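Visitor: The opening position of the sequence shown corresponds to residue 1 in this note's numbering, with each subsequent residue numbered one higher.
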Amino acid sequence: MKSNKKMVDKRDILVIGTFIFSIVILSMYFVFAAHTITTSSGGTSFSVDEDVSNLFNITVNNTDTLQTANITSVNITLPSAASCTFVLATDGSSAGSVNSSAVDDFLNNSNILSWTNATGYVINASESKFFWFNTTCTAPGTYNITVRTTNVTASYESNLSFEVNDTTEPAVTAFNTPPNNANISLAQVINVTISDTVGVSTVFFNVSNGTQVSWLQATNFAGDYWNATLNDLVLAEGGIYNITVSANDSAGNVNKSEYITIKYDITSPTASMGTNPVNDSNSSSADVVFDLKCVDVYSLSKGVLYGNWSSGWQANQTNASILNDSFWNITVSGIVDGIYIWGVYCNDTASNGNWSIVNRTLRVDTTAPTPSASCTPSTAVTGDVVTCTCGGSDSVSGINGALTSATSTPSTALSGTFSYSCSVTDYAGNFAGTTVYYTLQGQDSDSSSSSSSGGGATTSTFTYSKTIPQTGQEFKEIEKIETSSFSGGGLRVKERVKIKFNDEEHFIGVRELTETSAKIEIASDPVQVNLEGGEDVKMDFDEDGYYDIYVKLNEIVSGKANLTIKYLNELIPEEVVVESTAEDVTPPEPEPAPEPEPEPEKNLTKVYVLIGIILLAIILAVIVGVVIVKKRSKTYTK
């Protein structure tokens, strides 16, 4: 038994030894590659600058001794994260051709560079060769270059580290606040956008006005935004300052070339009003022109017209490009009648604002006043006293009493129907007139109202809707008026022209109008005449024996009378009081009633005959009555 055990142990030892020997023999036949990869200087890493072309020279040492270990290809892979770009035609190798029938092939495929020889080898056993190329990398950082060598047995990889150095200073892409050339009046946040491929380390703001005023360190607000607060206490009024940003990245690159200029302005602009409209003014138009002005030491932002004619006190018009110290004229249209206030607000680019010292009052009154006239009594007897009054009312601007005018009350010596005209003007310049009439009867009239002294009612009222005033000149200075030159092309019904004659107001108006004729009224002592086209009339205003005015109806066009009105100084013929080619329609004096005519004699004869017949009939009736009575008496006696 002991003998057998020893035999078994010897056999086991023999088997194990044979296995180990076989492995050694195989290992000697299949030699593992012994490829050493270094830089051309024998190192294991490269250091290059970003954004420039850099030479990479790599040594591949094939320490294998067997021919089967010849290297047939060398692949060098550049890291994609480094954003490297191979520079064309910069590749090279000391391997060259191994034999006369084989030449190395080079291939550039994206970020992989390959040297191969399919029919021979690139590197023989026990040889060392160089492989070089140029590349540009744009992403700073530390990376690996992978070198892959291949022989008939297998492929093997080795890494060489390389660092892409950050040489680019941080980029200041925007000064967000304040903008360049800004005016500031308060503490200001300085905000910039800064980017860097590696990362921004520190940011400072240098504030100077020729000499350094402040050095402010910024904080990273969010993302690429950096903030610092400019304390207005270090700035002087009216000063101009440069703010320069100094940005450092973690690689030590510095950008300090970006800056802006600011002005420190704490003085508010001056807001003022022009001459239109003046305070407490009245406008007869709904379209009003406003003058306003803003003045600032540096730069204006806007001028604003404020008013309360639309939805309360608010900004009505804004001018964002108003000129400094220059009036801005703006027309506001469609303001309804009423009483308003308005003012001016100015703002500069430093956000200083200011109001006009006081607001102004404006009255918009486009409505004519309401005139009122009355003559008391409305019916009187010649010789009585008739009192006429003229007045009016206006709801917005009020009646301007200085411009109220009326014709003088005519003498009451003659009977007839007379008119009294009244014209009133409001403070906005709107005017209106009216005419009333009163009657004077003769002393022998039976009218029960001849002595009446009460009552203000008038027999009729005619109101002109429009009066066209001429200038304050005397009519003899104007000499001639053509109504065809008016904006309406003539006078419509209820329209009249006002002239000035010997400091008194007189009117020439149109009361009625047909297609061919017009009833013209000449006042103040009213005379009404019907004129056909081409007819005229003359009149003496002051009863001095001279014609003072000439009126001619030229034509009627589109419902308007085209009149020629001329000043005269023409002697009136003694037998003529009013010369006219037209029909005078002034109410005529009443004619006396005719006296009764005497009856002829034959009418008396007829009366006498009639009386005789009546007496004869009476006598016959008496006789018949007596006979009847006697017969009745005889009958009773029997």
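Beta carbons are placed, not taken as given, at the ideal position from N, Cα and C, and that holds for glycine.
Keep in mind it's a predicted model, so treat the numbers as computed, not measured.
For GLN212, which of VAL234, LEU300, ASN191, ASN165 has the nearest alpha-carbon?
Guide: Looking at the Cα atoms, VAL234 is the closest of the given residues.
Visitor: So PHE205 is in the beta strand (DSSP E); what residue range does that whole segment cover?
Guide: 200-208
Visitor: Given 8 Å as the limit, is there contact between the region 212-232 and the region 285-301, that is, 3 or more CB pairs closer than that?
Guide: no
Visitor: Looking at VAL52 and THR149, is the spacing between their C-beta atoms short of 9 Å?
Guide: no
Visitor: Just the Cα atoms here: how many angstroms apart are THR467 and VAL510?
Guide: 11 Å
Visitor: When you compare only the Cα positions, how much space is there between ILE623 and GLY612?
Guide: 17 Å
Visitor: Per DSSP, what kind of secondary structure is GLY338 in: helix, strand or coil?
Guide: strand
Visitor: Quick test of your reading: LEU571 and ASP548, contact by CB under 8 Å. State the CB separation rounded to the nearest angstrom.
Guide: Here LEU571 is actually not in contact with ASP548; their C-beta atoms are around 12 Å apart, not less than 8 Å.
Visitor: Looking at the structure shown, is SER372 part of a helix, part of a strand, or coil, going by DSSP?
Guide: strand
Visitor: Which residues in the same chain as ALA320 place their Cβ atom closer than 8 Å to its Cβ, once the five residues preceding and following it in sequence are excluded?
Guide: SER301, LYS302
Visitor: Can you give me the C-alpha to C-alpha distance between SER250 and SER208, rounded to a whole angstrom?
Guide: 27 Å
Visitor: So what does DSSP say about PHE327, is it helix, strand or coil?
Guide: Three-state DSSP puts PHE327 in coil, outside helix and strand.
Visitor: Grab me the residues of ASN61's own chain with a C-beta within less than 6 Å of its C-beta, minus the 5 sequence neighbours each way, in chain order.
Guide: Sequence-distant partners of ASN61 (beyond 5 residues in either direction) whose C-beta falls short of 6 Å from its own C-beta, in its chain, are THR36, SER128.
Visitor: Which first and last residues belong to the alpha helix (DSSP H) in which PHE541 is found?
Guide: Element bounds for PHE541: n/a, residue is neither H nor E.
Visitor: So the alpha helix (DSSP H) GLU479 belongs to, where does it begin and stop?
Guide: Counting along the chain, GLU479 falls outside any alpha helix (DSSP H), and DSSP gives it neither H nor E.
Visitor: If we call anything under 9 Å between Cβ atoms a contact, is ASP196 one with ALA228?
Guide: In this structure, ALA228 does not lie closer than 9 Å to ASP196 by Cβ.
Visitor: List the DSSP bridge partners of PHE486.
Guide: According to DSSP, PHE486 bridges with nothing at all.
Visitor: Identify the residues that DSSP records as bridge partners of ILE549: which are they?
Guide: MET539, TYR567
Visitor: Are there 16 or more other CB atoms within 10 angstroms of the CB of VAL189, so buried, or fewer, so exposed?
Guide: Residue burial is scored here from C-beta neighbours: VAL189 has fewer than 16 other C-beta atoms within 10 angstroms and is therefore classed as exposed.
Visitor: Using the beta-carbon count (16 or more within 10 Å), is LEU620 buried or exposed?
Guide: By the 16-neighbour rule on beta-carbons within 10 angstroms, LEU620 is exposed.
Visitor: Below 8 Å on the Cβ atoms is my guess for ASP224 versus ILE243; work out the distance and round it to an integer in Å.
Guide: ASP224 to ILE243, Cβ: 18 Å. No contact.
Visitor: Could you have a look at PHE21 and say whether DSSP puts it in helix, strand or coil?
Guide: At PHE21 the pLDDT is 49, less than 50, meaning the model places this residue with poor confidence and gives no usable figure here.
Visitor: Could you tell me whether the region 358-369 touches the region 415-426, using the rule of 3 or more Cβ pairs below 8 Å?
Guide: yes
Visitor: Counting Cβ pairs closer than 8 Å, one from the region 255-274 and one from the region 171-188, do we hit at least three?
Guide: yes
Visitor: Assuming THR167 contacts ASN111 (C-beta within less than 8 Å), just tell me the rounded distance between them.
Guide: Actually they do not touch by this definition, with Cβ atoms about 22 Å apart.
Visitor: In the DSSP output, which residue or residues are listed as bridge partners for THR613?
Guide: For the record, residue 613 in the displayed sequence is Ile; it is not Thr. When beta bridges are read from the DSSP output, ILE613 appears opposite no residue.
Visitor: Measuring only the C-alpha atoms, how far is VAL551 from PRO573?
Guide: 18 Å
Visitor: In angstroms, rounded to a whole number, what distance separates the CA positions of GLU648 and SER405?
Guide: No answer is possible for residue 648: it lies beyond the span of the chain, which begins at 1 and ends at 638.
Visitor: Report the partner residues of ASN159 according to the DSSP bridge assignment.
Guide: THR146
Visitor: Report the partner residues of GLN473 according to the DSSP bridge assignment.
Guide: BP columns for GLN473 are empty, so no partner.
Visitor: Within 10 Å of its beta-carbon, does ASN530 have 16 or more other beta-carbons around it, so buried, or fewer, so exposed?
Guide: By the neighbour-count criterion, in which 16 or more other beta carbons inside 10 Å mark a residue as buried, ASN530 falls on the buried side.
Visitor: With a cut-off of 8 Å, do at least 3 Cβ pairs link the region 277-284 to the region 305-314?
Guide: no
Visitor: State buried or exposed for THR435, treating a residue as buried only when at least 16 other CB atoms are found within 10 Å of its CB.
Guide: Here THR435 is buried: its Cβ has 16 or more other Cβ atoms, across all protein chains shown, within 10 Å.
Visitor: Which class does ALA69 belong to by DSSP, given the choice of helix, strand or coil?
Guide: helix
Visitor: Rank ALA523, ASN220, THR516, ASP544 by C-alpha distance to the C-alpha of GLU535 and give the top, closest one.
Guide: THR516
Visitor: How should VAL172 be labelled, buried or exposed, when 16 other C-beta atoms within 10 angstroms of its C-beta is the threshold for buried?
Guide: Counting C-beta atoms within 10 angstroms of its own C-beta, VAL172 has 16 or more neighbours from the protein chains shown and is therefore classed as buried.
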